[in-house]
């Protein structure tokens, strides 16, 4: 999950003439995508939800939907099915968490008030 280490490792792989790569989380995937694009290396990001990844080139693909889509769908479900009077939102301070929160609150704008918003930091053990 470390962008700097991911870019360093990917550059070593590029020097070995790889043609395809599978990446993981958003920070690494977004960091290596420009390198993959310029070297014409197909990059498949398996769990990256950062929305910018979708527009980083024709050699870049994702298997996980962008975080905004999840936020929109969750907000629509709450508005149309659950119908709460207010919402508190707890989310991870990461590309994924912030992306979901931003899309969620934008979709809810004017319908259900978000009365509390709390971010937390990811802790690795």
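Residue numbers (the numbering used here): 2 to 126. Where a beta carbon is used, it is the ideal one built from N, C-alpha and C, also for glycine. Source: prediction; values computed, not measured.
- prompt: Would DSSP call residue 115 helix, strand or coil?
  reply: Collapsing the DSSP output to three states places residue 115 in a strand.
message: Going by beta-carbon coordinates alone, are residue 117 and residue 89 separated by less than 8 Å?
response: Judged by their CB atoms, residue 117 and residue 89 are nearer to each other than the 8 Å cut-off.
Sequence ranges, beta strand (DSSP E) only - wholly within the stretch 45–77, length at least 3: Listed in chain order, they are 61–63.
field: Expected contact under 8 Å - CB spacing of residue 76 and residue 105 to nearest Å
entry: By a beta-carbon distance limit of 8 Å, residue 76 contacts residue 105. Their separation comes to about 5 Å.
- prompt: Is there contact between the stretch 21–38 and the stretch 46–61, where contact requires at least three CB pairs shorter than 8 Å?
  reply: With three or more CB-CB distances shorter than 8 Å, the stretch 21–38 counts as touching the stretch 46–61.
message: Taking a contact to mean a Cβ-Cβ separation below 8 Å, would you say residue 72 touches residue 103 in this structure?
response: Remark: C-beta atoms of residue 72 and residue 103 approach each other more closely than 8 Å.
- prompt: Is residue 36 closer than 8 Å to residue 11 when the C-beta atoms are compared?
  reply: For residue 11 and residue 36, yes; Cβs fall inside 8 Å.
- request: Determine the burial state of residue 5: buried for a count of at least 16 other Cβ atoms within 10 Å of its Cβ, exposed for fewer.
  value: Exposed is the call here.
Whole-angstrom distance between residue 65 and residue 74, CA atom to CA atom: CA-CA distance, residue 74 to residue 65, rounds to 15 Å.
Neighbourhood of residue 121 by C-beta distance below 8 Å, restricted to the same chain and skipping five residues each side: Closer than 8 Å at the Cβ level, and outside the excluded window around residue 121, lie 91, 92, 93 and 94.
- prompt: Can you tell which of 81, 80, 84 and 100 has its C-alpha closest to the C-alpha of residue 69?
  reply: For residue 69, the closest of 81, 80, 84 and 100 by C-alpha to C-alpha distance is 100.
field: Per DSSP, the bridge partner or partners of residue 89
entry: Note: residue 89 sits in a beta bridge opposite 117.
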